[in-house]
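A short write-up of the structure that comes next.
Number of protein chains: 2
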Amino acid sequence: MVSMLEKSKKSNFKKATISEIAKLAGVSRTTVSRVLSGGYFVSKNTKDRILKIIKEKEYKPSIMAQSLRTNRTRTIGLVLADIENPFYSRVAKGVIDAAETKKYNVILCNSNNDIELEERDIKTLMGRGVDGLLLTTVALKMKTIEYLLDRGFPFILIDCKLDTPGVNYVVNDDYFGAKLATEYLIELGHKKIFFLGDRKLLSLRERLRGFKDTLVDHKIESSNTFVPQKFINMYGIYDIDKIIEYIINREEKITAVFAGNDYLAIKSIKVINDNGLKVPEDISVIGYDNIEISSMVKVPLTTIRQPKYLLGKLAAEQLFEILENRSNKEIKRIILRPELVIRQSCKRIGNYKS
Amino acid sequence: MVSMLEKSKKSNFKKATISEIAKLAGVSRTTVSRVLSGGYFVSKNTKDRILKIIKEKEYKPSIMAQSLRTNRTRTIGLVLADIENPFYSRVAKGVIDAAETKKYNVILCNSNNDIELEERDIKTLMGRGVDGLLLTTVALKMKTIEYLLDRGFPFILIDCKLDTPGVNYVVNDDYFGAKLATEYLIELGHKKIFFLGDRKLLSLRERLRGFKDTLVDHKIESSNTFVPQKFINMYGIYDIDKIIEYIINREEKITAVFAGNDYLAIKSIKVINDNGLKVPEDISVIGYDNIEISSMVKVPLTTIRQPKYLLGKLAAEQLFEILENRSNKEIKRIILRPELVIRQSCKRIGNYKS
DNA sequence: CTGGTAATTGTTATCGATTCCAATAAAATA
DNA sequence: TATTTTATTGGAATCGATAACAATTACCAG
Numbered sequence: 001m002v003s004m005l006e007k008s009k010k011s012n013f014k015k016a017t018i019s020e021i022a023k024l025a026g027v028s029r030t031t032v033s034r035v036l037s038g039g040y041f042v043s044k045n046t047k048d049r050i051l052k053i054i055k056e057k058e059y060k061p062s063i064m065a066q067s068l069r070t071n072r073t074r075t076i077g078l079v080l081a082d083i084e085n086p087f088y089s090r091v092a093k094g095v096i097d098a099a100e101t102k103k104y105n106v107i108l109c110n111s112n113n114d115i116e117l118e119e120r121d122i123k124t125l126m127g128r129g130v131d132g133l134l135l136t137t138v139a140l141k142m143k144t145i146e147y148l149l150d151r152g153f154p155f156i157l158i159d160c161k162l163d164t165p166g167v168n169y170v171v172n173d174d175y176f177g178a179k180l181a182t183e184y185l186i187e188l189g190h191k192k193i194f195f196l197g198d199r200k201l202l203s204l205r206e207r208l209r210g211f212k213d214t215l216v217d218h219k220i221e222s223s224n225t226f227v228p229q230k231f232i233n234m235y236g237i238y239d240i241d242k243i244i245e246y247i248i249n250r251e252e253k254i255t256a257v258f259a260g261n262d263y264l265a266i267k268s269i270k271v272i273n274d275n276g277l278k279v280p281e282d283i284s285v286i287g288y289d290n291i292e293i294s295s296m297v298k299v300p301l302t303t304i305r306q307p308k309y310l311l312g313k314l315a316a317e318q319l320f321e322i323l324e325n326r327s328n329k330e331i332k333r334i335i336l337r338p339e340l341v342i343r344q345s346c347k348r349i350g351n352y353k354s
Numbered sequence: 355m356v357s358m359l360e361k362s363k364k365s366n367f368k369k370a371t372i373s374e375i376a377k378l379a380g381v382s383r384t385t386v387s388r389v390l391s392g393g394y395f396v397s398k399n400t401k402d403r404i405l406k407i408i409k410e411k412e413y414k415p416s417i418m419a420q421s422l423r424t425n426r427t428r429t430i431g432l433v434l435a436d437i438e439n440p441f442y443s444r445v446a447k448g449v450i451d452a453a454e455t456k457k458y459n460v461i462l463c464n465s466n467n468d469i470e471l472e473e474r475d476i477k478t479l480m481g482r483g484v485d486g487l488l489l490t491t492v493a494l495k496m497k498t499i500e501y502l503l504d505r506g507f508p509f510i511l512i513d514c515k516l517d518t519p520g521v522n523y524v525v526n527d528d529y530f531g532a533k534l535a536t537e538y539l540i541e542l543g544h545k546k547i548f549f550l551g552d553r554k555l556l557s558l559r560e561r562l563r564g565f566k567d568t569l570v571d572h573k574i575e576s577s578n579t580f581v582p583q584k585f586i587n588m589y590g591i592y593d594i595d596k597i598i599e600y601i602i603n604r605e606e607k608i609t610a611v612f613a614g615n616d617y618l619a620i621k622s623i624k625v626i627n628d629n630g631l632k633v634p635e636d637i638s639v640i641g642y643d644n645i646e647i648s649s650m651v652k653v654p655l656t657t658i659r660q661p662k663y664l665l666g667k668l669a670a671e672q673l674f675e676i677l678e679n680r681s682n683k684e685i686k687r688i689i690l691r692p693e694l695v696i697r698q699s700c701k702r703i704g705n706y707k708s
């Protein structure tokens, strides 16, 4: 019968257990377990014999059983705000590479810029038994942070500076980066600058702060230059077409757009073009992140470079360190320095006199 | 003492176990377990009582324990060839979304276009106890396929047509898509077309076949129009700059490049520009995939659209179906139809007469 | 030769669930 | 009232590892 054939085929390969190895080697499970974890306190003789049998039988210990017993899974959770944004893909790569070298695995969730989903993802991952969490977060509720903190659950924030006690993060200096970008625009003569970004996102909030402060420093008025609430729906996702249309058609014209990230910037440029305007001739656009394609798009994007891969790699490494060395409770906060990358999406429209 | 404080803080939240719930409800673990799995054969009375306690104590069954017992983890493995290629990110999103709705989790590996790493990833994931595998594969060794097949391990290939018995896949019709692209170039008058892609990759091999056959159909000679082996290192990764340089500088000039995917195409255009040539004026370039930015790059890319999100979503759904219904051994193969998307990266250079 | 220490190995409980089978209680039938 | 059924519930084994502690053996000095 087919089903029997299939069955036998499958059971051919039922994987060996530690007990079987023990029996074959004529020792107890404990001894095999010892060999598995380095082989200290086991005589060279038996160790070699067990090792040989393990290899022969292609024995691999059951991670589920190990996890149950040790309460460690060697798995971490990574919550990405948007896997399709190349910024996050790059961060993810840094994380995955670091995990690979440390023999950890990564369970990935995509919160899709949705605060509720993000919270669900975090709980799912914790329930799944990940050892720790890496969060490229949208707008983490304080409730969620407290939830994590309360149960001493190891986690590190990526691209999200949150100076609550006990919270670790790896970020670039968003405030400084935003200052860099804004200064640059001002220097080119821009005074009417629109900040395109969702204020709910924590990283963007920092950038917004840098933006505003810089305007104030230069005594430039900045009312009416943020995304109106009506374009931000409850999931924090907004319709770029509508926003650009709104900016273009209102009376008070702007001369430059500071986009919260390159992905947004590139999309905006497309929409601006679709509306018959040119970048940078009619409107200058500056981005943030310096994702790979920024240099390849129609109008090569002037932007702020932040070390994405490093962000992910460092964050993962920090987390692993916490996990391997749980006593070490010192705060781990890393702030990387961003840089201005000048390309062609911003135009001088006057001379700035300070 | 600090350490005691911390300790107590942590243990405050040690998660409840099924036994504790059972004790609180004055029933056996078995009964609680029954409630967990639907509550059949349990009186409404006790069921409600248990449910209430579960909610109160925020009890969540330990997935590790469940997995150990049932040998199912509700986790699948996804091996991406390159997470930074937007094509794969989009596919991944489809997978993750499908998993989310079916309450599965996804462990992600990035094989980085490396055959050896891919094989290692697969084994790691199997060892990790994933229920099944989704492979957006580079160039799967037959040995690996057989390994999976032999132990009846559920897996589905994405973007990789492999008609070995027992292998399931979800792909777009690469052969047809490549024909579409090639026909289009020929129609525009191109005869010297260079196929830019690593022949080791299975999906590219199909595209290459479509490319060659179309040339033959039109009686166009096609020697010397593939990437020479010397540019393909053992990891299958090649240096685009060198290749483009090679094409441009050799005697036999080509008029068009058929890039194996958009990511490659976009990078190529940049390199072509860097070398002082223009697209499409000097060289036409056609891509494959239609990734989002294809329409936003300097020269909007003419390409072949394939339904990336759907590819991932369908593959995941197929896999879940196999997992939920293991008896159902029918082959699941889905071939989606690609389309030509004409933008501005290809120029007419003559009239084609058939 | 013997007590003591070090080296090696085994016993057994445990992690937190599921599941087969048995047991009890309640309801239905004779 | 006695006997089946049926509906609920519990007992105990099990999944595959780890770890505390106990036990055995070997080795060495006195």
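Those protein sequences? They're chains A and B, same order as listed. Residues 1 to 354 (our numbering) make up the first sequence, in order. Residues 355 to 708 (our numbering) make up the second sequence, in order. We treat Cβ as the ideally placed atom computed from N, Cα and C, and that holds for glycine.
Subject >> Validate contact between the region 110-127 of chain A and the region 396-412 of chain B using beta carbons, cut 8 Å, 3 pairs >> reply: Taking a contact to require three or more Cβ pairs closer than 8 Å, the region 110-127 of chain A and the region 396-412 of chain B do not qualify as touching.
Subject >> Whole-angstrom distance between Ile540 of chain B and Leu733 of chain B, CA atom to CA atom >> reply: Outside the displayed range of chain B (355 to 708) lies residue 733 of chain B, so it cannot be described from this structure.
Subject >> Residues sharing a beta bridge with Gly483 of chain B, DSSP >> reply: Taking the second sequence and counting its residues from 1, the one referred to as residue 483 of chain B is at position 129. According to DSSP, Gly483 of chain B bridges with nothing at all.
**OP:** Sort B:Leu558, B:Lys368, B:Lys686 and B:Leu668 by Cα distance to Ala452 of chain B and report the nearest one.
**Re:** The sequence position of residue 452 of chain B within the second sequence is 98, counting from 1. From the listed residues B:Leu558, B:Lys368, B:Lys686 and B:Leu668, the smallest Cα separation to Ala452 of chain B is found for B:Leu668.
Original post:
In its own chain, which residues sit with a C-beta less than 7 Å from the C-beta of Ile331 of chain A, not counting the 5 before and 5 after it?
Top reply: Here residue 331 of chain A is taken as the residue at index 331 of the first sequence, counted from 1. Taken in chain order, the residues that qualify are Asn168.
**OP:** Using three-state DSSP, classify Arg659 of chain B as helix, strand or coil.
**Re:** In the second sequence, counting from the first residue as 1, residue 659 of chain B sits at position 305. In the structure shown, Arg659 of chain B sits in a strand (DSSP, three-state: E or B).
Subject >> Where Ala256 of chain A falls: helix, strand or coil (DSSP) >> reply: For the purposes of this step, residue 256 of chain A is taken as the residue at position 256 of the first sequence. Strand.
Subject >> Listed by chain order, chain A residues near Thr478 of chain B by CB distance under 8 Å >> reply: Along the second sequence, one-based indexing puts residue 478 of chain B at 124. The answer, in chain order, is Asn105.
Original post:
Quick one: what's got a C-beta closer than 6 Å to Ser434 of chain A's C-beta in the same chain, skipping five residues either side?
Top reply: Here chain A covers residues 1 to 354 and nothing more, so residue 434 of chain A does not appear.
Subject >> Cutoff 8 Å: Pro86 of chain A Cβ touching any chain B Cβ >> reply: In the first sequence, residue 86 of chain A corresponds to position 86, counting from 1. In terms of beta-carbon proximity, Pro86 of chain A lines the interface with chain B, with at least one pair separated by less than 8 Å.
**OP:** Find the nearest neighbour of Thr303 of chain A within the set A:Gly312, A:Ile254 and A:Asn261, judged by alpha-carbon distance.
**Re:** One-based indexing of the first sequence puts residue 303 of chain A at position 303. For Thr303 of chain A, the nearest C-alpha among the options comes from A:Asn261.
Original post:
By Cβ distance, which residues of its chain are closer than 6 Å to Leu462 of chain B, with the 5 residues on each side in sequence left out?
Top reply: In the second sequence, counting from the first residue as 1, residue 462 of chain B sits at position 108. Non-local C-beta neighbours of Leu462 of chain B in its own chain, meaning closer than 6 Å and more than five positions away in sequence, comprise Leu432, ordered along the chain.
Original post:
Using a beta-carbon distance below 8 Å, is Lys447 of chain B in contact with chain A?
Top reply: Taking the first residue of the second sequence as position 1, residue 447 of chain B is located at position 93. Yes, Lys447 of chain B lies at the interface with chain A (some Cβ there is under 8 Å from its Cβ).
**OP:** Determine the burial state of Ser382 of chain B: buried for a count of at least 16 other Cβ atoms within 10 Å of its Cβ, exposed for fewer.
**Re:** Here residue 382 of chain B is taken as the residue at index 28 of the second sequence, counted from 1. Answer is exposed; the Cβ neighbour count stays below 16.
**OP:** Determine whether the Cβ of Gln344 of chain A lies closer than 8 Å to any Cβ atom of chain B.
**Re:** Your numbering for residue 344 of chain A matches position 344 in the first sequence. Gln344 of chain A does not count as touching chain B.
Original post:
Which residues in the same chain have their Cβ closer than 7 Å to the Cβ of Ala435 of chain B, if we skip the five residues on either side of it in sequence?
Top reply: Taking the second sequence and counting its residues from 1, one reaches residue 435 of chain B at position 81. Cβ neighbours of Ala435 of chain B beyond the five flanking positions: Tyr442, Ser465, Asn467, Thr490, Thr491 and Val492.
**OP:** Output, in sequence order along the chain, the residues in the region 394-418 of chain B whose CB is closer than 8 Å to any CB in chain A.
**Re:** Those would be Lys414, Ser416, Ile417 and Met418, in chain order.
Subject >> Per-residue contacts from Met142 of chain A into chain B (C-beta, under 7 Å) >> reply: Counting from one through the first sequence, the residue named residue 142 of chain A turns up at place 142. Ordered by position in chain B, no residue passes the 7 Å Cβ test against Met142 of chain A, which lies about 18 Å from the chain.
Subject >> Best match in A:Lys219, A:Leu264, A:His218 and A:Val130 for proximity to Val227 of chain A [C-alpha to C-alpha] >> reply: Translated into positions along the first sequence, residue 227 of chain A becomes position 227. Nearest C-alpha to Val227 of chain A: A:Leu264.
Original post:
Would a check of beta-carbon distances place Asn110 of chain A closer than 8 Å to chain B?
Top reply: Along the first sequence, one-based indexing puts residue 110 of chain A at 110. Closer than 8 Å to some Cβ of chain B, the Cβ of Asn110 of chain A qualifies, so yes.
**OP:** Would you tell me roughly how many angstroms separate the C-alpha atoms of Gln583 of chain B and Ile598 of chain B, rounded to the nearest one?
**Re:** As a position in the second sequence, residue 583 of chain B is number 229, starting the count at 1. As a position in the second sequence, residue 598 of chain B is number 244, starting the count at 1. Just so you know, the alpha carbons of Gln583 of chain B and Ile598 of chain B end up roughly 14 Å apart.
**OP:** State the CB to CB distance for the pair Phe585 of chain B and Asp593 of chain B, rounded to an integer number of angstroms; the pair is presumed to be in contact (CB under 8 Å).
**Re:** Indexing the second sequence from 1 puts residue 585 of chain B at position 231. Indexing the second sequence from 1 puts residue 593 of chain B at position 239. The beta-carbon separation of Phe585 of chain B and Asp593 of chain B, rounded to 7 Å, stays under the 8 Å limit for a contact.
Subject >> Unbroken alpha helix (DSSP H) run spanning Leu462 of chain B, endpoints >> reply: Sequence index remark: in the second sequence, residue 462 of chain B carries index 108 (1-based). Here Leu462 of chain B belongs to no alpha helix (DSSP H); instead the beta strand (DSSP E) covers Asn459 to Asn464.
Original post:
Between the region 183-199 of chain A and the region 209-218 of chain A, do three or more beta carbon pairs fall short of 8 Å?
Top reply: Between the region 183-199 of chain A and the region 209-218 of chain A there are three or more inter-stretch CB-CB distances shorter than 8 Å, so the stretches are counted as touching.
Original post:
Using a C-beta cutoff of 8 Å, does Leu665 of chain B count as contacting chain A?
Top reply: Here the question's residue 665 of chain B lines up with position 311 in the second sequence. Leu665 of chain B does not count as touching chain A.
**OP:** Sort out for me which residues DSSP pairs Phe195 of chain A with in a bridge.
**Re:** Taking the first sequence and counting its residues from 1, one reaches residue 195 of chain A at position 195. A:Phe226 and A:Phe258, per the DSSP bridge assignment.
Original post:
With 16 other CB atoms within 10 Å as the buried threshold, where does Asp628 of chain B fall?
Top reply: The residue labelled residue 628 of chain B in the question sits at position 274 within the second sequence. Its Cβ having fewer than 16 others within 10 Å, Asp628 of chain B is exposed.
Subject >> Residue-chain proximity (Gly166 of chain A, chain B), Cβ-Cβ < 8 Å >> reply: Residue mapping note: residue 166 of chain A aligns to position 166 of the first sequence, counting from 1. Contacts with chain B at 8 Å (Cβ-Cβ) do not include Gly166 of chain A.
Original post:
With Lys192 of chain A and Lys253 of chain A assumed to form a contact (beta carbons below 8 Å), what rounded beta-carbon distance in angstroms separates them?
Top reply: By one-based count along the first sequence, residue 192 of chain A stands at place 192. By one-based count along the first sequence, residue 253 of chain A stands at place 253. About 7 Å; that satisfies the 8 Å criterion.
Original post:
What does Leu68 of chain A reach in chain B if we use C-beta pairs closer than 7 Å?
Top reply: Numbered from its first residue, the first sequence carries residue 68 of chain A at position 68. Result: Met418, Ala419 and Leu422.
Subject >> Option nearest Arg444 of chain B by Cα separation, candidates A:Asn85, A:Ala92 and A:Lys93 >> reply: Position 90 of the second sequence holds residue 444 of chain B. Taking only the C-alpha atoms, the option nearest Arg444 of chain B is A:Asn85.
**OP:** Look at the Cβ atom of Tyr663 of chain B, then the Cβ atom of Lys515 of chain B, and state whether they are nearer than 8 Å.
**Re:** As a working note, residue 663 of chain B is residue 309 in the second sequence. As a working note, residue 515 of chain B is residue 161 in the second sequence. With contacts defined as CB atoms closer than 8 Å, Tyr663 of chain B and Lys515 of chain B fail to qualify as a contacting pair.
**OP:** Classify Met4 of chain A as helix, strand or coil using the three-state DSSP reduction.
**Re:** By 1-based counting over the first sequence, the position of residue 4 of chain A is 4. Any answer about Met4 of chain A is weak, because its pLDDT of 34 lies below 50 and its placement is not dependable; what the coordinates show is given next. DSSP places Met4 of chain A within a helical segment (H, G or I) once states are collapsed to three.
Original post:
Between Asp528 of chain B and Glu560 of chain B, is the Cβ-Cβ spacing less than 8 Å?
Top reply: Position 174 of the second sequence holds residue 528 of chain B. Position 206 of the second sequence holds residue 560 of chain B. The Cβ atoms of Asp528 of chain B and Glu560 of chain B sit closer than 8 Å to each other.
Subject >> Spatial neighbours of Glu671 of chain B in its chain, beta-carbon cut-off 7 Å, leaving aside the 5 residues before and after >> reply: Stepping through the second sequence from its first residue, residue 671 of chain B is reached at position 317. Ala452, listed in sequence order.
Original post:
If we call anything under 8 Å between Cβ atoms a contact, is Leu319 of chain A one with Ile122 of chain A?
Top reply: For this step, residue 319 of chain A is matched to residue 319 along the first sequence. For this step, residue 122 of chain A is matched to residue 122 along the first sequence. Going by beta carbons, Leu319 of chain A and Ile122 of chain A fall outside the 8 Å limit.
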